[in-house]
């Protein structure tokens with residue numbers, strides 16, 4: 001389920017809590033709304049509110065850290081791709097086929113990570129390496145260096161290719177949202193209780209209802225922010241694919257792509 005759908009569900013639950021509090025206020029006898037009852041409810045909701053605030057803060061911090069980490073990994077992988085192409089260019093013109101295969105592999109990699117230009121079957125199997133990526137590693141090992149310089153470049157190219165593969169696997173393992181659904185349900189339940197207590201002891205009027213709606217919208221917005229940061233390759237806050245795709249520019253200058 002998308003982040004916007006889950007945040008809308010959270011807003012509906014919070015609004016339902018507000019409505020429940022208003023209904024209870026109208027049907028409960030006055031003795032149930034005494035100052036003692038008000039103090040007990042306020043103490044309880046204060047405790048839940050503190051826990052919910054701490055959890056929201058921790059989740060936002062964790063989601064932001066994960067988002068920044070994956071953004072850094074994308075930049076590192078992009079740099080390694082450009083570096084690998086540089087090694088191959090220095091090796092000699094015989095690496096033109098490998099560079100073309102790498103270009104094709106980067107296109108497939110970007111499409112799979114950002115879930116673009118692919119079928120639903122491909123989207124459900126992100127760990128499966130493409131034929132182009134497998135061929136690049138195979139071609140690198142099949143190179144026959146003629147001197148010490150080429151042997152050094154081949155070794156560095158193979159190591160860089162391995163680093164790219166490791167980063168790719170790390171990114172694919174982090175593509176799913178890490179917030180468990182039961183955890184999210186409990187958090188929404190806490191917020192519903194808190195907002196129900198707000199409307200239980202306040203006479204409903206335009207200011208009260210409007211303020212509660214704004215507060216509920218803010219809480220749902222915090223949940224939306226957490227869910228969006230947890231899905232860095234989708235949604236409106238996704239990491240840009242431009243750096244990785246722009247790395248193709250120097251690679252595209254080599255000989256035409258060979259057919260498989």
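In the UniProt record's numbering, the protein residues as written are 1 to 260.
Glycine included, every Cβ here is placed at the ideal spot set by N, Cα and C.
Residue 167 places its beta carbon less than 7 Å from that of residue 73. Within its own chain, the residues whose Cβ lies closer than 8 Å to the Cβ of residue 236, once the five positions on either side in sequence are excluded, are 228, listed in chain order. Assigned with DSSP and collapsed to three states, residue 114 falls in coil, not helix or strand. Contact annotation: residue 79 and residue 241 have beta-carbon atoms that are not nearer than 7 Å. A straight line joining the alpha-carbon of residue 247 with that of residue 140 spans about 20 Å. Closest in alpha carbon position to residue 197, among 212, 186, 157, 206, is 212. The beta carbons of residue 66 and residue 224 sit no closer together than 7 Å. With 16 or more other Cβ atoms from the protein chains shown falling within 10 Å of its own Cβ, residue 95 counts as buried.
Annotation for residue 156: the continuous alpha helix (DSSP H) segment containing it runs 148 to 173. Contact check for residue 52 and residue 194: beta-carbon distance about 7 Å, within the 8 Å limit, so the pair qualifies.
If you draw a straight line from the Cα of residue 202 to the Cα of residue 180, it comes to about 34 Å. Just so you know, the alpha carbons of residue 40 and residue 26 end up roughly 19 Å apart. Assignment of residue 92 by DSSP, reduced to helix, strand and coil, places it in the coil class.
Comparing alpha carbon positions, the residue from 238, 71, 156 closest to residue 83 is 156. The C-beta distance from residue 10 to residue 220 rounds to 5 Å, short enough to meet the 8 Å contact threshold. With fewer than 16 other Cβ atoms from the protein chains shown falling within 10 Å of its own Cβ, residue 147 counts as exposed. Distance from the CA atom of residue 218 to the CA atom of residue 45, rounded to whole angstroms, is 18 Å. For the pair residue 88 and residue 99, the CB atoms are nearer than the 7 Å cut-off. Residue 13 is positioned such that its CB atom lies no closer than 7 Å to that of residue 160.
Sorting 90, 190, 29 by C-alpha distance to the C-alpha of residue 47 places 190 at the top.
Counting along the chain, residue 228 sits inside the alpha helix (DSSP H) bounded by residues 206 to 229. At the C-beta level, residue 239 and residue 62 stay beyond 7 Å of one another. For residue 27, the enclosing alpha helix (DSSP H) has its first and last residue at 3 to 27.
The three-state secondary structure of residue 200, taken from DSSP, is helix. Sequence-distant partners of residue 60 (beyond 5 residues in either direction) whose C-beta falls short of 8 Å from its own C-beta, in its chain, are 222, 225, 226, 229.
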